[in-house]
Amino acid sequence: MPKAVIWDVGNVVVRWNPRTLYSQIFPEPVACDRFLSSVCTMIWHVNHDLGVSFADNRKPLISQFPEYREEIEAWETRWWDMFSGTIPESEAAIEALHAAGVPQYGLTNMSDETFEGTMAMSPAFGRLADIVVSGREGMIKPDPRIYALTCERFGLAPEDIFFIDDGLANVESARAFGIDTHHFTDPAALRPALVARGLLQV
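Just so we're aligned: the sequence shown equals residues 1 to 202 in the numbering used here.
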């Protein structure tokens, strides 16, 4: 049985999607798709998770797409409009694990610039003893080095951990590292997965 649970944050505890913001800026779906697939792409955004500041990361993009300056700047200035609330099933599971005395931690791909604001979105984050933030470490999931760092930081062996993440590549790399995982795609499947590991009761 795992000894501790490690949580991803985005789309596991809080819902985050750039489209939530940019569908307001580009009401026409085709225009929104075009912007997110060719200007502010997820490949570009990864630099934030690696620790590059919003200000530094947007400079070359604005030089390349000056006609989209305001829309690119909105990635930071309207960052919080990308969120659409918390995931109640995850919050409830965190509280139940806390009540059961199960140690809990976090491992997230996230800019350090947005970390504190994200933590303020749910009191459940206060139940996590510590969180590894990619933007502080200069490495991101699914890089196996971040799992090694996480184990060292939290004093856990891979086999001690049950890791919950919405990214399939992250889940697969963690599993290859020796960590038991749950690919978070359906909130209703979360508690049964915790029960199956003996971490919660039915």
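Glycine included, each C-beta is placed from N, C-alpha and C at the ideal position.
All values derive from a computational prediction rather than experimental measurement.
Nearest-angstrom Cβ-Cβ length linking D180 and I161, presumed shorter than 8 Å:
The residue labelled residue 180 in the question sits at position 180 within the sequence shown. The residue labelled residue 161 in the question sits at position 161 within the sequence shown. Between I161 and D180 the Cβ distance is about 7 Å, and since that is below 8 Å, they are a contact.
How far does the alpha helix (DSSP H) with T185 in it reach, from first residue to last?
Counting from one through the sequence shown, the residue named residue 185 turns up at place 185. Premise fails: T185 is in no alpha helix (DSSP H) and is neither H nor E.
Quick one: complete alpha helix (DSSP H) runs, 4+ long, within the segment 63-87?
69-77
Would you kindly work out how many angstroms separate the C-alpha atoms of E28 and A99, rounded to a whole number?
The sequence position of residue 28 within the sequence shown is 28, counting from 1. The sequence position of residue 99 within the sequence shown is 99, counting from 1. Taking the straight line from one Cα to the other gives about 47 Å.
Stretch-stretch touch, CB-based, cutoff 8 Å, three pairs: the segment 101-114 with the segment 4-21
yes
Out of L50, I72, P123, point me to the one whose CA is closest to I146's CA.
Your numbering for residue 146 matches position 146 in the sequence shown. The candidate whose alpha carbon is nearest that of I146 is L50.
Simplified DSSP state of Q24, which is helix, strand or coil
The count along the sequence shown starts at 1 and reaches residue 24 at position 24. DSSP places Q24 in helix when its eight states are reduced to three.
Select from C32, R78, F184, K141 the residue whose C-alpha is nearest the C-alpha of F54.
Locating residue 54 in the sequence shown gives position 54, where the first residue counts as 1. Here the closest residue by C-alpha is R78.
On the three-state DSSP scale, how would you describe F177?
Position 177 of the sequence shown holds residue 177. DSSP places F177 in coil when its eight states are reduced to three.
Inter-stretch contact at 8 Å, needing at least 3 Cβ pairs: the segment 116-128 / the segment 191-202:
no
Looking at the strands, I want to know which residues DSSP matches up with V171.
Along the sequence shown, read from residue 1 onward, the residue named residue 171 stands at position 171. Paired residues: none, contrary to the question.
How big is the Cα-Cα spacing for H48 and N57?
Translated into the one-based positions of the sequence shown, residue 48 becomes position 48. Translated into the one-based positions of the sequence shown, residue 57 becomes position 57. Distance between the alpha carbons of H48 and N57 is about 7 Å.
Evaluate V14 with the Cβ neighbour count: other Cβ atoms within 10 Å of its Cβ, from every protein chain shown; 16 or more gives buried, anything less gives exposed.
Mapped onto the sequence shown, residue 14 falls at position 14. It is buried - the Cβ of V14 has at least 16 other Cβ atoms within 10 Å.
Quick one: what's got a C-beta closer than 6 Å to H182's C-beta in the same chain, skipping five residues either side?
As a position in the sequence shown, residue 182 is number 182, starting the count at 1. Here the set comprises I164, A193.
V14, enclosing beta strand (DSSP E) - first and last residue
Working through the sequence shown from its first residue, we reach residue 14 at position 14. Counting along the chain, the beta strand (DSSP E) containing V14 begins and ends at 14-16.
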